[in-house]
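Numbering (mature numbering (1 follows the signal peptide of the UniProt record, and there is no 0)), first residue to last: -28 to -1, 1 to 322. Just so it is clear, CB atoms sit at the ideal spot from N, CA and C, and this is done for glycine as well. Quantities reported herein were computed from a predicted structural model and do not represent experimental measurements. Just below is one structure, and these are the notes that go with it.
Here you go:
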């Protein structure tokens, strides 16, 4: 049998294909069980979904789930606490191996989370305290978020001013941010909270704006608005702009999105600074922490994503116009090396 160039070519292609197959097998083997085989199913059970933050969070969850090769089911209760608890039971019935509980109320989610654990399902919770030592808490370091924003408020305005404060009790991240606000008021006795208001009624920004209009009429001497959630800040900004007070009031917030950046960059915008983590990164970390549990690893009980201070001046000086610019020009915002074992695929890798 003579060996022709065509036969050599076929042999080379066969060897290359075998090498690629072996390489793919090796890569799959690098992932621990159950991720070494297809068919892992997880669920995201959501309480809050309105606003850019939650859309970006979802995109991060989806990106990391795709990188891991898992089947993701998204269940959205749209701020219905009872329905969210029922959706945990739906996820259990679907036969998922892991559940991410995203926001919610402790009283409605505590028992539901325990039912999932009792069913042998791994659970992580983002920004909801389910009071369960077996369930890791994914956090944005909410106290640090509030601290960064409030330190900037003191830097910009001194330590004596009238303040309006937007707050809704019972939501874990807002409660943690509130603890910092209480501490700051104790530290700086000249900060006078003259009004507290807030709502999570949809659409949140418009509902908060309705409240803020009344607050500004009743307290025209307010100089600082602390609105530690960007939908709150949007609502306050609407009311401040309508009242023509944008040059006399400064708004400090938490969280960030492309629309927030545009609002902060407006000429004479009252929105002075925000402290934020990248919500897409937080979504990725949520999936990674759950994946570690499924692989028999311990991500820790408190999985904390560090925040970044973002000022209006920085956005303008660095010509940051959107979230892509923010990630490119503030690298610490683009990726968090949290819940990132060596075998974990990075959806941000290029």
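Where does the unbroken beta strand (DSSP E) through residue i begin, and where does it stop?
i: residue 283; result: 280 to 283
i: residue 72; result: 70 to 74
i: residue 244; result: 243 to 248
i: residue 189; result: Premise fails: residue 189 lies in the alpha helix (DSSP H), 176 to 190, not in any beta strand (DSSP E).
i: residue 196; result: 196 to 199
From the DSSP output, in three-state form, read off residue i for me.
i: residue 224; result: strand
i: residue 1; result: Bear in mind that a pLDDT of 41 at residue 1, under 50, signals an unreliable position, so the number given afterwards is only what the model happens to contain. The answer is helix: DSSP assigns residue 1 an H, G or I state.
i: residue 129; result: helix
i: residue 277; result: coil
i: residue 213; result: helix
i: residue 8; result: coil
i: residue 42; result: coil
i: residue 324; result: The displayed coordinates of the chain run from -28 to 322. Any statement about residue 324 would go beyond what the structure contains.
i: residue 50; result: coil
i: residue 268; result: coil
i: residue 97; result: strand
i: residue 166; result: strand
i: residue 330; result: Look at the range of the chain in this structure, -28 to 322, and you will see that residue 330 is not part of it.
i: residue 134; result: strand
i: residue 81; result: helix
i: residue 288; result: helix
i: residue 32; result: helix
Do residue j and residue i count as a contact pair if the criterion is CB distance below 8 Å?
i: residue 177; j: residue 214; result: no
i: residue 70; j: residue 265; result: yes
i: residue 96; j: residue 72; result: yes
i: residue 280; j: residue 302; result: yes
i: residue 275; j: residue 108; result: yes
i: residue 49; j: residue 19; result: yes
i: residue 80; j: residue 56; result: yes
i: residue 163; j: residue 141; result: no
i: residue 138; j: residue 180; result: yes
i: residue 306; j: residue 294; result: no
i: residue 212; j: residue 234; result: no
i: residue 101; j: residue 144; result: yes
i: residue 313; j: residue 39; result: no
i: residue 261; j: residue 271; result: yes
Compute the beta-carbon to beta-carbon distance between residue i and residue j, rounded to the nearest angstrom, for a pair I have assumed lies under 8 Å.
i: residue 45; j: residue 91; result: Not really, about 15 Å apart at Cβ, beyond 8 Å.
i: residue 277; j: residue 246; result: 15 Å between Cβ atoms; not a contact.
i: residue 172; j: residue 51; result: 6 Å
i: residue 13; j: residue 43; result: 4 Å
i: residue 7; j: residue 41; result: 7 Å
i: residue 149; j: residue 188; result: Contact doesn't hold; Cβ gap of about 22 Å is too wide.
Residue i lies in the alpha helix (DSSP H); which residues open and close that run?
i: residue 235; result: 230 to 237
i: residue 144; result: 144 to 159
i: residue 387; result: In the structure as shown, the chain starts at -28 and stops at 322, and residue 387 therefore has no counterpart that could be examined.
Report yes or no: do three or more beta-carbon pairs, one from the segment 193 to 208 and one from the segment 220 to 230, lie closer than 8 Å?
Cβ pair count under 8 Å is three or more, so yes.
Are the segment 105 to 115 and the segment 163 to 174 in contact at 8 Å, needing three or more beta carbon pairs?
no
Can we say the segment 58 to 68 touches the segment 79 to 88, given the rule of at least three CB pairs closer than 8 Å?
yes
Check whether the segment 97 to 107 touches the segment 125 to 135, taking contact to mean three or more Cβ pairs, one atom from each stretch, closer than 8 Å.
no
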